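Chains A and B are the protein sequences, given in the same order. Heads up: the first sequence runs through residues 1 to 401, numbered per our numbering. Heads up: the second sequence runs through residues 1001 to 1401, numbered per our numbering. Every residue, glycine too, gets a C-beta built ideally from N, C-alpha and C. These figures come from a predicted structure and were not determined experimentally.
Number of protein chains: 2
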Amino acid sequence: MQPRLRPRRAEREAPVYRLSSAPRVEPAAEHMTGVLVMGGSAPDTRLIDVEPLARAYRRVLHDSRGSVLRYGDAAGHPRLRSALAAMLASTRGLTVGADQIFVTRGSQMALSLVARSILRRGDVVAVEALGYRHAWQAFRLAGARLLPVLVDAGGLDVAALARCAEQQRIAAVYVTPHHQFPTTVTLTQDRRQNLLELARRKGIAIIEDDYDHEFHYEGPSVMPLASLGGTATVIYVGTLSKILAPGLRIGYVAAAAELLERLAAYRAFADMQGDFVVEGAVAELMETGEVQRHVRRVRLEYRRRRDLLADRLRARLGHALSLERPSGGLAVWASSRPGTDIDRWAAAALDHGVAFQTAHTFTFSGERLPHARLGYGTLNEMEIVETVERLAAAHVAVTPG
Amino acid sequence: MQPRLRPRRAEREAPVYRLSSAPRVEPAAEHMTGVLVMGGSAPDTRLIDVEPLARAYRRVLHDSRGSVLRYGDAAGHPRLRSALAAMLASTRGLTVGADQIFVTRGSQMALSLVARSILRRGDVVAVEALGYRHAWQAFRLAGARLLPVLVDAGGLDVAALARCAEQQRIAAVYVTPHHQFPTTVTLTQDRRQNLLELARRKGIAIIEDDYDHEFHYEGPSVMPLASLGGTATVIYVGTLSKILAPGLRIGYVAAAAELLERLAAYRAFADMQGDFVVEGAVAELMETGEVQRHVRRVRLEYRRRRDLLADRLRARLGHALSLERPSGGLAVWASSRPGTDIDRWAAAALDHGVAFQTAHTFTFSGERLPHARLGYGTLNEMEIVETVERLAAAHVAVTPG
């Protein structure tokens, strides 16, 4: 055999400088080929008609004669702030001015900026447990200590939170009251009243993450805490990632003007400002009603997917799982029956080409519990049927005898 | 007079929660109407042909069949990472793989993520003084203590930095070697060698911000430190804000793969990921040579503007200012002559409809010095002539007798 004459690529040298310790990120299954991903709360971007969006980009670029390409206001494109304020008023009973809307890169940036704007190092933030770890990390990175508060069938245990608040100062509480992440339950009306009253009395900021407000299938959507309690108490965080597309990275905060000034100050040193081309294009799609039509259309589709997934799971895996159809959202919360190890099942499912998240991804200390979040947002009806078949095969593989 | 019957808008309540102290942001003159802004380093977005961009948006949306709208890789769109790597190799002598490119929201996010990825609380970061305050804040917000190091006609005083490095551990040094911000000077070759040698010996990360590499008018551009020293020592930060448009918010880091993993981890909790629609569209404009043609065209234009501004300033204000034509960039660094108070002049200029920044915006402790940065990037030739006339009128207004 001839010796290789081409020089090998030079070995890359390790950095001469030190790296800081990095926060832990859960690996994402989203990009594996051939795997059907039961995404935690992701929507199906195949349902989007891209042509109106392409037209909106073109119109914004031409009509503004390039002014959208300049440096602009850190709080976002004025048209999008107005469009979001109008949407909140008409669909969520939340009456705020456009000057109380701050556009961010998805809700993650909203949480990150809010955290820095209201927290001092060592401040306590109460969080739902089980809950959304990406939000927790945003608070931790702003210096917060987290206080896990139990979630049950009525949502966050507000009485338990009130007892904690007697013992120590709590700066903020982070909640997902509409379809709790990950358990999908809705915070009860009593608890909403009690939570608002507690927050006012103790000076606790309520950070309300209403990430999939539109996807409610049983009766009208529940109005957000912010519409009941006002922006003096509630910092409302929303996103277009579910109702439009995650890739556009449009989130927003509706809050007191005082807070918005802080958000702008922190944003100046985080990413300076948003992208007014996409913000202007999305504003146009909201103004023309395109976004609202899209939501009505996909809500019906997601409802069909929810029903199909729940039915198929019961029919094929009723011996292994118990579940209730969620009133909204893009995922089913299921519990494994005795004799089924949910985490072993999840590992086997990946070998069979299905990815889903079990409870330990959502518990405060990573402890294992017999539950899983089974997302149906990204799967069409054929894929849902196939997914359940693969889950069943994987279940056989991990079940003795 | 009839009493007003319409109810007044309810007074907004102040938040029940506390706000953290916010970092100070310099007010921007960019948005005042009727004011000619000598932007510190902003380009003229009126020179952009928006049609190719609109077409690129459309093509990316259609060709990807919406897959650009999904969640994706925090490091950026693969096509853009490849296009940036190819550009760095062909124009800057910087040979890195696409896997060493991390796309960010402008260079500000690049600096913010780099700061978090390499700094522990209390670490020392050496910075140019005079220098770029937005970068300093990114380091401070990551917990750094800043060490100002003098800049002279040869750029950063590397010998002074070396002396400091004997006394204390320095984690990183932030430099703008090509056209130093704000003084426009170029770091000499000797100092480049010494800086790289010092960094290797002491384990100091060099953060090189090459924000306007393409706009060099006298001879070839100076190759970046990163091309000389490699990514084991230099963390290279670039942006398309100047060569394309600030509003698109495309920045990037070229660095060791180990660092890129950290950037991704911190980004997960800052804004999750970028916008693959704009990233894909810009990649297309780079692949087709559109960006490169735009750069060649505007470089000639900016050179004309530089020459015109320097000539007009000398002709009309030679008694008040001394200056040298910069070899590159989008601004002139000028010094006021004795008898002219530059800060009073700047205040008067604003009354006459011209905004420019004086040295105190760039000094480490805000001290006043008799210099100013006069940007010509955003002003066409007619506007430059008018700007200098207004500056002259303002100068008369603040000059006794």
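(request) Could you confirm whether any beta carbon from chain A is found closer than 9 Å to the beta carbon of Ser1335(B)? (result) Residue-level contact by beta carbon fails for Ser1335(B) and chain A, as no gap is shorter than 9 Å.
(request) Report the three-state DSSP secondary structure of Gln2(A) (helix, strand or coil). (result) Annotation note: pLDDT 43 at Gln2(A) (below 50); position unreliable, no value reported.
(request) Have a look at Arg303(A) and Leu379(A) and give me their C-alpha separation to the nearest angstrom. (result) Roughly 12 Å separates the two Cα atoms.
(message) Any beta carbon of chain B sitting closer than 9 Å to that of Pro246(A)?
(response) Yes, Pro246(A) lies at the interface with chain B (some Cβ there is under 9 Å from its Cβ).
(request) Would you mind sorting Arg1297(B) into buried or exposed? The rule is 16 or more other CB atoms within 10 Å of its CB. (result) Label assigned to Arg1297(B): exposed.
(message) Using the three-state DSSP reduction, which class does Gln137(A) fall into: helix, strand or coil?
(response) In the structure shown, Gln137(A) adopts helical secondary structure according to DSSP, grouped into three states.
(request) Assuming Val68(A) and Gly1155(B) form a contact by the criterion Cβ under 8 Å, report the distance between their Cβ atoms to the nearest whole angstrom. (result) About 35 Å; that fails the 8 Å criterion.
(message) I need the DSSP call for Ser327(A), collapsed to helix, strand or coil.
(response) Coil.
(request) Mind listing, in chain order, the continuous beta strand (DSSP E) runs of no fewer than 3 residues lying wholly within the stretch 1079-1120 of chain B? (result) 1101-1105, all fully within the stretch 1079-1120 of chain B.
(request) Give the DSSP bridge partners of Gly1251(B), in chain order. (result) Paired residues: Thr1104(B), Thr1239(B).
(message) Relative to the C-alpha of Ala1042(B), which candidate in Ala1393(B), Arg1373(B), Glu1386(B), Leu1391(B) has its C-alpha closest?
(response) Of Ala1393(B), Arg1373(B), Glu1386(B), Leu1391(B), the residue nearest in Cα terms is Arg1373(B).
(request) Determine contact between the stretch 1141-1152 of chain B and the stretch 1281-1292 of chain B, defined as no fewer than three beta-carbon pairs at a distance below 8 Å. (result) Contact annotation: the stretch 1141-1152 of chain B does not touch the stretch 1281-1292 of chain B, with fewer than three C-beta pairs closer than 8 Å.
(message) Distance check for Asp1209(B) and Ile1243(B), CA to CA, integer angstroms please.
(response) When rounded, the distance between both Cα atoms is 14 Å.
(request) Return the first residue and the last residue of the alpha helix (DSSP H) that Leu1260(B) is part of. (result) Element bounds for Leu1260(B): 1257-1268.
(message) Am I right that Leu1161(B) and Leu1198(B) are in contact with their C-beta atoms under 8 Å? What's the rounded C-beta distance?
(response) Yes, they are in contact, since the Cβ atoms of Leu1161(B) and Leu1198(B) sit about 7 Å apart, within 8 Å.
(request) Determine the DSSP secondary structure at Ala393(A), reduced to helix, strand or coil. (result) In the structure shown, Ala393(A) sits in a helix (DSSP, three-state: H, G or I).
(message) By the three-class DSSP mapping on this structure, what secondary structure does Gly1280(B) have?
(response) Residue state, collapsed to three classes: helix.
(message) Is there a C-beta anywhere in chain B that falls below 9 Å from the one on Leu141(A)?
(response) Leu141(A) counts as touching chain B.
(message) Using a 10 Å radius around the Cβ and a threshold of 16 neighbouring Cβ atoms, would you call Gly230(A) buried or exposed?
(response) Gly230(A) comes out buried.
(message) Which residue wins for smallest C-alpha separation from Ala320(A), given the options Val37(A), Arg305(A), Thr340(A), Arg306(A)?
(response) Nearest in C-alpha terms to Ala320(A), of all of Val37(A), Arg305(A), Thr340(A), Arg306(A), is Thr340(A).
(message) Judging by CA-CA distance, which residue of Thr1361(B), Glu1324(B), Ser1107(B) is the nearest neighbour of Asp1212(B)?
(response) Looking only at Thr1361(B), Glu1324(B), Ser1107(B), the smallest Cα-Cα distance to Asp1212(B) is reached by Ser1107(B).
(request) Indicate whether at least one CB of chain A lies closer than 9 Å to the CB of Ser1221(B). (result) False, the Cβ-Cβ gap to chain A never drops below 9 Å.
(request) Please determine, among Gly1076(B), Ser1112(B), Met1109(B), the residue with the shortest C-alpha to C-alpha distance to Ile1101(B). (result) The candidate whose alpha carbon is nearest that of Ile1101(B) is Gly1076(B).
(request) Label Ala1348(B) either buried or exposed according to how many other C-beta atoms from any shown protein chain fall within 10 Å of its C-beta, with 16 as the threshold for buried. (result) By the 10 Å Cβ count, Ala1348(B) comes out buried.
(message) Give me, in chain order, the residues of the same chain whose beta-carbon lies closer than 8 Å to that of Leu1119(B); leave out the 5 immediate sequence neighbours on both sides.
(response) Closer than 8 Å at the Cβ level, and outside the excluded window around Leu1119(B), lie Val1125, Phe1139, Ala1142, Gly1143, Ala1144, Ala1171, Ala1172.
(request) Enumerate, from N- to C-terminal direction, the unbroken beta strand (DSSP E) stretches of 3 or more residues contained entirely within the stretch 1198-1236 of chain B. (result) With a minimum length of 3 residues, the continuous beta strand (DSSP E) runs that stay inside the stretch 1198-1236 of chain B are 1205-1209.
(message) Check whether the stretch 1109-1123 of chain B and the stretch 262-272 of chain A touch, using three or more Cβ-Cβ pairs below 8 Å as the test.
(response) By the C-beta criterion, the stretch 1109-1123 of chain B is judged to be in contact with the stretch 262-272 of chain A, since at least 3 inter-stretch pairs fall below 8 Å.
(request) Output the distance between the C-alpha atoms of Arg1368(B) and Ile1342(B), rounded to the nearest integer angstrom. (result) The C-alpha of Ile1342(B) is placed about 9 Å away from the C-alpha of Arg1368(B).
(message) With three or more beta-carbon pairs closer than 8 Å as the criterion, would you say the stretch 176-185 of chain A touches the stretch 320-332 of chain A?
(response) The stretch 320-332 of chain A and the stretch 176-185 of chain A touch, with three or more beta-carbon pairs separated by less than 8 Å.
(request) Given a cut-off of 9 Å, decide if Ala135(A) and Tyr174(A) are closer than it, judged by their beta-carbon atoms. (result) In contact: Tyr174(A) and Ala135(A) (Cβ atoms closer than 9 Å).
(message) Any C-beta of chain A within less than 8 Å: which residues of the stretch 1201-1222 of chain B qualify?
(response) If the cut-off is 8 Å between Cβ atoms, the stretch 1201-1222 of chain B has Gly1203, Ile1204, Ala1205 near chain A.
(request) Going by CA-CA distance only, name the one from Tyr1057(B), Asp1063(B), Leu1084(B) that's closest to Thr1239(B). (result) The candidate whose alpha carbon is nearest that of Thr1239(B) is Leu1084(B).
(message) Taking 9 Å as the threshold (beta carbon to beta carbon), is His987(B) in contact with chain A?
(response) Because residue 987(B) is not part of the residues shown, which for chain B are 1001 to 1401, the question remains open.
(message) I want to see whether chain A comes within less than 9 Å of Ile1101(B), judged by CB atoms only; does it?
(response) Under the 9 Å criterion on CB atoms, Ile1101(B) is classed as non-interfacial with respect to chain A.
(request) State the start and end residues of the unbroken beta strand (DSSP E) segment that holds Asp343(A). (result) Where Asp343(A) is concerned, there is no enclosing beta strand (DSSP E), although the alpha helix (DSSP H) it sits in stretches over 342-351.
(message) Contact criterion: CB-CB distance below 9 Å. Does Ala1392(B) meet it with respect to chain A?
(response) Residue contact with chain A for Ala1392(B): absent (no Cβ-Cβ distance below 9 Å to any residue of chain A).
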